[in-house]
Amino acid sequence: MGKIMEKQVLDILKDREEKRIKIDQLIKYYDLVVVKANIVGIDKNVFESYFLLNYFKKIIEDRIKGHINSTTYTSNDGPYIIFSYPKGLIRNLKELTIAIEEEDPLGRLIDLDVHLDNHGSIKRQKLRKCLLCDDDAFVCNRKKIHTDKEIFKKMDEMILFRLDDLLKKTIDEAMEIELNLPYKFGCVCINDNGSHHDMNALIMRNAKKAIIPYLVKMFNIGFTDSSLNEIFKKIRLLGIEAEQAMYQETKGVNCYKGLIFILGLLVASIGFTIKNNNHTIDKEYYIEEIFKNVKEMAKPLRDELNDDYISHNLTHGLKAFKSYNLKGARHQAIDGLTIVKNWTKELNEINEENLERCLIGIIDVIDDTVMFKRCGSIEKYQNVKEMIKNIDSKEKLINVNNYCIKENISVGGACDILITVIFLKKYLNYI
0 MGKIMEKQVL DILKDREEKR IKIDQLIKYY DLVVVKANIV GIDKNVFESY
50 FLLNYFKKII EDRIKGHINS TTYTSNDGPY IIFSYPKGLI RNLKELTIAI
100 EEEDPLGRLI DLDVHLDNHG SIKRQKLRKC LLCDDDAFVC NRKKIHTDKE
150 IFKKMDEMIL FRLDDLLKKT IDEAMEIELN LPYKFGCVCI NDNGSHHDMN
200 ALIMRNAKKA IIPYLVKMFN IGFTDSSLNE IFKKIRLLGI EAEQAMYQET
250 KGVNCYKGLI FILGLLVASI GFTIKNNNHT IDKEYYIEEI FKNVKEMAKP
300 LRDELNDDYI SHNLTHGLKA FKSYNLKGAR HQAIDGLTIV KNWTKELNEI
350 NEENLERCLI GIIDVIDDTV MFKRCGSIEK YQNVKEMIKN IDSKEKLINV
400 NNYCIKENIS VGGACDILIT VIFLKKYLNY I
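Residue numbers for the sequence shown follow numbering that gives the first Met the number 0, so the first one is 0 and each next one is one higher.
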């Protein structure tokens, strides 16, 4: 054993002893659940450790109520959380933790140790199987049947598979929640087509089904690629494929082109941030990192705002920027999707009233080039924005919504951002 590895082992043993002392002190007053990722090798401070602690912290808080305190510790033996419960409050604490380990797809990657007295943690009755074979995991690890690289590869596959499932579910839920919101200033909802004569709820759902697989692929690229610049190039090409799949499903109707761009950037950044986070489970820091990485990814878009590029690529959004300095989706991306970050923090419970307030707030801040195109003039666009901003009752909300439908106005760009906010608010519960 080399001197560096010898020091690492001594540091790990020292921190394990400090952890034992903490537990011995707390066990006098509390029943404890100690949460730690089941990580092989010397280096336990890896992304898998921090992700799994984030993931199971929320599950424990939801499934095992009544903890007085939960504290996260960092150590050379990897991060861990200690949940403290009043003595005797939960009599089946071990059974509850075993159920979490056995029922969750990632349960085999976490250790939930229950301490009720000073005799050590309560042992499982049934030993765990190895991730890579049917033998006992302890025996495999002791005999080094599999390499650490093989085990980490399997862990990452399991984590990514679970994250993909949750991503599909959460995107679908977010889009469905937005579709069911009734008053969206001309956008399609479950009750009517708004100002869109070529769309309805069925077409929107068909479009949703077409684009979600591509958004999952974008997330996977973010998770597996180490270069934000390369990630952006790859997801942009995937975005074109997603648009084509949408048009094929909707017979040429553009339902979610803007969403593919905005949400695609975000999910790719989430994938990258998860994989490259190896030092914290602080949620605020996590959010900041996600949007910092969006901003870094979107840097190439700055080159698309110069006069030469615009003159050869006069899309509607770029025309609006050139003529009236209206800043559309490109600018939002270059800005790091600040509007999404701010409303993710601002939005508490996801309900109709809060989402209405959120949508009005988004419309007030952004330049919605979809809305501008539908208004037909800058004066009308500014007037409608002012009408929406000054809504202070349900009656006004309904009246302005009806006006937008009558005038063939739609706030599609703002609704894309609303979906993105709903998605992130929900997905943060898992990461």
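Cβ coordinates follow ideal geometry from the N, Cα and C atoms, glycine included.
Close Cβ partners of residue i (< 7 angstroms) along its chain, the five nearest in sequence each way excluded
| i | result |
| --- | --- |
| Lys298 | none |
| Thr279 | Tyr49 |
| Ile390 | Ile359, Leu396 and Val399 |
| Leu111 | Val32, Val34, Thr96, Ile99 and Glu100 |
| Cys357 | Trp342, Leu346, Leu417 and Val420 |
| Ile230 | Ile220, Gly221, Asp224, Ala267, Phe271 and Met296 |
| Leu180 | Cys188, Glu351 and Leu354 |
| Ala200 | Leu178, Val187 and Ile189 |
Separation of residue j from residue i, as counted between CA atoms
| i | j | result |
| --- | --- | --- |
| Thr96 | Val113 | 8 angstroms |
| Tyr246 | Asp281 | 40 angstroms |
| Ala136 | Arg127 | 6 angstroms |
| Asp224 | Lys274 | 9 angstroms |
| Asn219 | Lys384 | 37 angstroms |
| Gly45 | Glu156 | Before going on, a small fix: residue 45 reads as Val here, not Gly. Rounded to whole angstroms, Val45 to Glu156 spans 15 angstroms at the Cα level. |
| Lys142 | Met154 | 19 angstroms |
| Tyr284 | Lys250 | 43 angstroms |
| Asp134 | Pro78 | 27 angstroms |
| Tyr54 | Lys27 | 28 angstroms |
| Ile387 | Glu303 | 31 angstroms |
| Thr368 | Arg107 | 48 angstroms |
| Cys129 | Lys344 | 40 angstroms |
| Asp76 | Glu94 | 26 angstroms |
| Asn190 | Asp363 | 25 angstroms |
| Arg373 | Ala206 | 21 angstroms |
| Leu463 | Glu352 | The chain is shown only over 0 to 430; residue 463 falls outside these bounds and no answer can be derived. |
| Phe371 | Asn382 | 11 angstroms |
| Asp23 | Glu102 | 30 angstroms |
| Asn140 | Ala36 | 15 angstroms |
Assigned exposure category for residue i - 16 Cβ within 10 Å defines buried
| i | result |
| --- | --- |
| Phe422 | buried |
| His330 | buried |
| Glu355 | buried |
| Phe82 | buried |
| Leu92 | buried |
| Cys132 | exposed |
| Glu288 | buried |
| Ser226 | exposed |
| Thr337 | exposed |
| Val8 | exposed |
| Asp366 | buried |
| Val187 | buried |
| Arg90 | exposed |
| Asn428 | exposed |
| Ile67 | exposed |
| Val339 | buried |
| Asn276 | buried |
Other residues of its chain near residue i: CB distance less than 6 angstroms, five sequence neighbours each side excluded
| i | result |
| --- | --- |
| Gly257 | Ala328, Gly412 and Asp415 |
| Lys294 | Gly335 |
| Cys254 | Met203 and Ala206 |
Check: residue i C-beta below 6 angstroms from any heavy atom of the ligand SAH
| i | result |
| --- | --- |
| Lys405 | Among the ligands in the structure shown, none appear at all, so the ligand SAH cannot be discussed. |
Same chain only: Cβ atoms within 8 angstroms of residue i, ignoring 5 sequence neighbours per side
| i | result |
| --- | --- |
| Ala209 | Ala241, Ala244, Met245, Gln247, Glu248 and Thr249 |
| Leu88 | Asp30 and Gly65 |
| Ile259 | Ile210, Tyr213, Leu214, Gly238, Ala241, Glu242 and Met245 |
Q) Using 8 angstroms as the Cβ pair cut-off and three pairs as the minimum, do the region 259-279 and the region 224-237 touch? A) yes
Q) Below 8 angstroms, can you find three or more Cβ-Cβ pairs linking the region 10-21 to the region 68-85? A) yes
(Q) For the pair the region 139-159 and the region 39-51, tell me if three or more CB-CB distances fall below 8 angstroms. (A) yes
Q) If we count Cβ pairs, one from each stretch, closer than 8 angstroms, do we get three or more for the region 26-38 versus the region 58-68? A) yes
Q. Between the region 157-171 and the region 209-219, are three or more C-beta pairs nearer than 8 angstroms?
A. yes
Q: Let me know the beta strand (DSSP E) ranges lying completely inside the region 56-114, each 3 residues or longer, listed in chain order.
A: 68-72, 79-85 and 109-114
Q | Whole alpha helix (DSSP H) elements within the region 330-379, 4-residue minimum | A | 337-345, 351-364 and 368-374
Q.
Suppose only complete runs of 4+ residues qualify. What are the alpha helix (DSSP H) ranges in the region 258-310, listed by chain order?
A. 282-296
(Q) For a minimum of 4 consecutive residues, which ranges assigned as the alpha helix (DSSP H) are wholly contained in the region 204-254? (A) 227-249
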